[in-house]
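Enquirer: Under UniProt numbering, residue 142 is the last one in the sequence shown; the count climbs by one each step, no gaps.
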Amino acid sequence: MIKKCLFPVAGYGTRFLPATKSMPKEMLPIVNKPLVQYGVEEAIAAGMTTCAMVTGRGKRSIADHFDISFELEHQISGTGKEVYLESIRNVLDKGVFTMVRQREMKGLGHAILTGEALIGSEPFGVVLSDDLCINDGPGVLS
Numbered sequence: 001m002i003k004k005c006l007f008p009v010a011g012y013g014t015r016f017l018p019a020t021k022s023m024p025k026e027m028l029p030i031v032n033k034p035l036v037q038y039g040v041e042e043a044i045a046a047g048m049t050t051c052a053m054v055t056g057r058g059k060r061s062i063a064d065h066f067d068i069s070f071e072l073e074h075q076i077s078g079t080g081k082e083v084y085l086e087s088i089r090n091v092l093d094k095g096v097f098t099m100v101r102q103r104e105m106k107g108l109g110h111a112i113l114t115g116e117a118l119i120g121s122e123p124f125g126v127v128l129s130d131d132l133c134i135n136d137g138p139g140v141l142s
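1) Distance check for I2 and P18, CA to CA, integer angstroms please.
2) Judging by CA-CA distance, which residue of A52, K4, S61, A45 is the nearest neighbour of S22?
3) Nearest-angstrom Cα distance between F70 and N32?
4) Enumerate in chain order the residues of its own chain whose CB-to-CB distance from A63 is below 6 Å, with the five nearest sequence positions on each side excluded.
5) What distance in whole Å lies between the Cβ atoms of L113 and A52, which are believed to be in contact at a cut-off of 8 Å?
6) CB-CB under 7 Å to E82, same chain, minus the five flanking residues each way: which ones, in chain order?
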């Protein structure tokens, strides 16, 4: 069973300009979650609990999203708003996230190669999380 997946999330997001001028396309919200979280949730549901993200300049919000925000958790503790963080908490509890920055944008293949140090020599999946695909089944990664 494949346990690792790679998320190449370093692109400029030019197809979504001007919305992506200051926000990574992977962080664009779909209802109440960023686009990339849907891909991560599908990967985790398929048993891929090690998620390697290849990011680029201006993508710090992706790393921040897949990390615990102690300040935010403390601020909303006891307010009844904790429920809003349940979906990301579930992801963080089930997955291990690592990040590497792609220094030069040389395309998808280069992004995957950049993630080699995070993946190693094991088989892995590649999740292109800049497109949202809705399905009724367990997802293509299963």
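Every residue gets a Cβ at the ideal spot worked out from N, C-alpha and C, and that includes glycine.
Expert: Short version:
1) Your numbering for residue 18 matches position 18 in the sequence shown. Your numbering for residue 2 matches position 2 in the sequence shown. For P18 and I2, the distance between alpha carbons rounds to 37 Å.
2) Along the sequence shown, read from residue 1 onward, the residue named residue 22 stands at position 22. The shortest C-alpha separation from S22 is found at S61.
3) On the sequence shown, residue 70 is found 70 positions in, with the first residue counted as 1. On the sequence shown, residue 32 is found 32 positions in, with the first residue counted as 1. Those two C-alpha atoms are separated by around 20 Å.
4) Taking the sequence shown and counting its residues from 1, the one referred to as residue 63 is at position 63. For A63, the CB contacts under 6 Å within the same chain, skipping 5 residues up- and downstream, are M99 in chain order.
5) The sequence position of residue 52 within the sequence shown is 52, counting from 1. The sequence position of residue 113 within the sequence shown is 113, counting from 1. Not quite, the Cβ-Cβ distance comes to about 12 Å (not below 8 Å), so this is no contact.
6) Start at 1 with the first residue of the sequence shown, and residue 82 comes out as number 82. Cβ neighbours of E82 beyond the five flanking positions: I76.
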